Amino acid sequence: MILLLNYIDLKYKPSKKDLICEFYLEPNKISIEKAASNVALESSIGTWTDIATMNKRVARTLKPNVFYINKRKKIIKIAYNENLFEKGNMPEILSSIAGNIFGMSAIKNLRLMDISFPESIVKSFKGPKFGIEGIRKITKIKKRPLIGTIVKPKLGLNEKEHAKVAYDAWVGGLDIVKDDENLTSMSFNNFNKRVIETIKLRKKAEKETGKIKIYMPNVTAETNEMIKRAKFVKKHGGRYVMIDILTAGWSALQTLRNANLNLVIHAHRAGHAAFTRNEKHGISMLAIAKIARLIGADQLHIGAIVGKMTGTKHEVKDIGENIENSIIHEKGTHMLEQKWYNIKPTMAVCSGGLHPGGIPPLVKIMGNNIIMQFGGGCHGHPNGTKEGAIAIKQALEAVMSKKSLKNYSKTHKELKIALDKFGIIQ
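As structure tokens, then:
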């Protein structure tokens, strides 16, 4: 006897033990109801046809329910029983809710918009070691946004040249310097030598300025090598490491977090647009951000709104600010800061084409719990990196004291020169 299952139940009320997914769904020559059923079955207990091996116990305890369908907006929501997933295993969870379903012939386009994790899954992950409160404690910066740069050019500088650029940025007033996403250990810039040289100049900058300075070396590599590099950073007085979370993979991020090296984890999202750029297909940056926070990213790139990278204002605000129509169980103002049981808040990082003239609208939109990273917007200053850093600091001072950049630049020449080149974003 073959057991026939119906995955549509619009009267179903999700419980706090359900994992809930919101999808954008365009059917392929079938009804949205049938396409939704196909997504639900393929991501859980079913397959492409009715099967004799299905039994009432499995159906009763593990069958997911499509409980919401909006035909006009092409939005569906599916509630999955928590027992469908292995706790603490993000690859397995995503192999279900973001796996085969994207290649099904029943769908034309499918996009995972949002995920709501139940308490049992949330508590099976460690989350950030430090979070926002820990980062502010390390840096001794209590309220204002943090400001930093990425060493440019991306590739080409040797270890000493790299360290000198970082030093100039620190003494110019920036809090943070990080490696770029594609700088690891190169023939012209060895990882170990770079870390030693840059941390040496970090300590020099701290002594000269009396301020805590941060260096984020990129440890992205095969997982065993990654942990080896992270331990090297720790041994030589580093406080942070950076990892390209999508190209390294969720398992790599979890391995780094589980190593518990007492290092802040800075998560770069290189490669995210392969999943997020098509607004009708793939995975949203909101979903990626939730996963990164759950696993343990202390800081996460979310976009800049006013910068060079794609990503709408609404998309970035969904991650860093208020989420409209949230389906998560733990309510709060900011997704990265919402109360998630044992999971600490993650600090949002805004970067990509930023310059001093973009600080006012960015802070207005995103608030103070952000890190602003300036690459070309620092090193592109006509007078070089140090004055570029000074200009960024001056722009932030103006914003925090509620003064216009135009007026503040009249008595701050570094900012004036920067604004003459880059302009002011309204």
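All letters in the sequence shown, in the order written, are residues 397 to 822 by this note's numbering. The beta-carbon is built from N, C-alpha and C at its ideal position, and this holds for glycine as well. Just so we're clear, the structure is a prediction, and the values are computed from it rather than from any experiment.
CB of residue i within 8 Å of CB of residue j, strictly
i    : j    : result
P487 : Y476 : no
R532 : M796 : no
D576 : I610 : no
L415 : F481 : yes
P423 : K473 : no
G633 : I595 : yes
A744 : L758 : no
G771 : H777 : no
L508 : I465 : no
T616 : A644 : yes
I517 : E478 : yes
L823 : H668 : Here the chain has residues from 397 to 822 only, and residue 823 is not among them.
I428 : K536 : no
I471 : I788 : no
H664 : M622 : no
I489 : S439 : no
L792 : I755 : yes
V660 : V629 : no
C746 : G692 : no
L579 : N586 : no
Q822 : Y804 : no
E555 : K412 : no
Helix, strand or coil at residue i [DSSP, three-state]
i    : result
P423 : strand
T706 : Unreliable placement is indicated for T706, whose pLDDT of 47 sits below 50; no coordinate value is reported for it.
E418 : strand
L551 : coil
A685 : helix
N656 : coil
A666 : coil
G678 : strand
M450 : Interpretation of M450 is limited by its pLDDT of 48, a score under 50 that renders its predicted location unreliable; the figure taken from the coordinates is listed afterwards. It is coil, neither helix nor strand.
L696 : strand
K376 : Outside the modelled stretch of the chain, which goes from 397 to 822, sits residue 376, for which no answer is possible.
I537 : coil
N402 : coil
K413 : coil
K407 : coil
The beta strand (DSSP E) enclosing residue i, as first and last residue numbers
i    : result
S512 : 503-512
A394 : Because residue 394 is not part of the residues shown, which for the chain are 397 to 822, the question remains open.
F481 : Note, F481: premise wrong, no beta strand (DSSP E); not H, not E.
L542 : 542-546
I465 : 461-466
CA nearest to the CA of residue i, picked from the options
i    : options                : result
L652 : L682, G678, N614, I684 : N614
I687 : G495, D564, F521       : F521
I820 : H808, K802, E810, T807 : K802
Q769 : P778, H751, G780, I786 : H751
G523 : I739, M762, A744, L542 : I739
V547 : K809, H775, K812, I788 : H775
I766 : I786, T742, E783       : T742
H808 : V591, N585, A794       : A794
K430 : A559, I528, A502, V660 : A502
F498 : T781, I679, P514       : I679
V573 : A601, L506, L792, A670 : A601
T545 : A562, L659, K425       : A562
G495 : A666, Q734, L649, N434 : N434
Q734 : A655, S492, F463, I528 : I528
F513 : I592, N658, I684       : I684
G780 : G552, E515, K560, K525 : K560
E810 : K798, K782, S800       : K782
L551 : S581, D564, K469       : S581
G484 : N654, D816, D694       : N654
I404 : Y420, P410, F463       : F463
N764 : K413, K538, S491, W646 : K538
I647 : N620, R625, N658, Y636 : The identity of residue 647 in the sequence shown is Ser, whereas the question assumes Ile. Nearest C-alpha to S647: N620.
F419 : A432, N588, E593, G749 : A432
I426 : P410, K467, C417, K409 : K467
L525 : K799, H697, N658       : Per the sequence presented here, residue 525 reads as Lys, with Leu not at that position. Looking at the Cα atoms, N658 is the closest of the given residues.
C417 : G753, K627, L682, S583 : L682
M500 : H677, K519, R598       : H677
Continuous alpha helix (DSSP H) stretch holding residue i: start and end
i    : result
L437 : 428-438
L490 : 486-493
S516 : 515-518
heavy atom of the ligand NAP below 7 Å from residue i C-beta
i    : result
F463 : What this structure holds is no ligand at all, so the ligand NAP is not there to describe.
### Query
Which full runs of the beta strand (DSSP E) of 3+ residues lie inside the segment 556-641, going along the chain?
Counting only runs of 3 or more, we get 572-574, 610-612, 636-640.
### Query
Could you give the uninterrupted runs of the beta strand (DSSP E) lying entirely in the segment 759-822, keeping only those of 3 residues or more?
Whole beta strand (DSSP E) segments, 3+ residues: 766-770.
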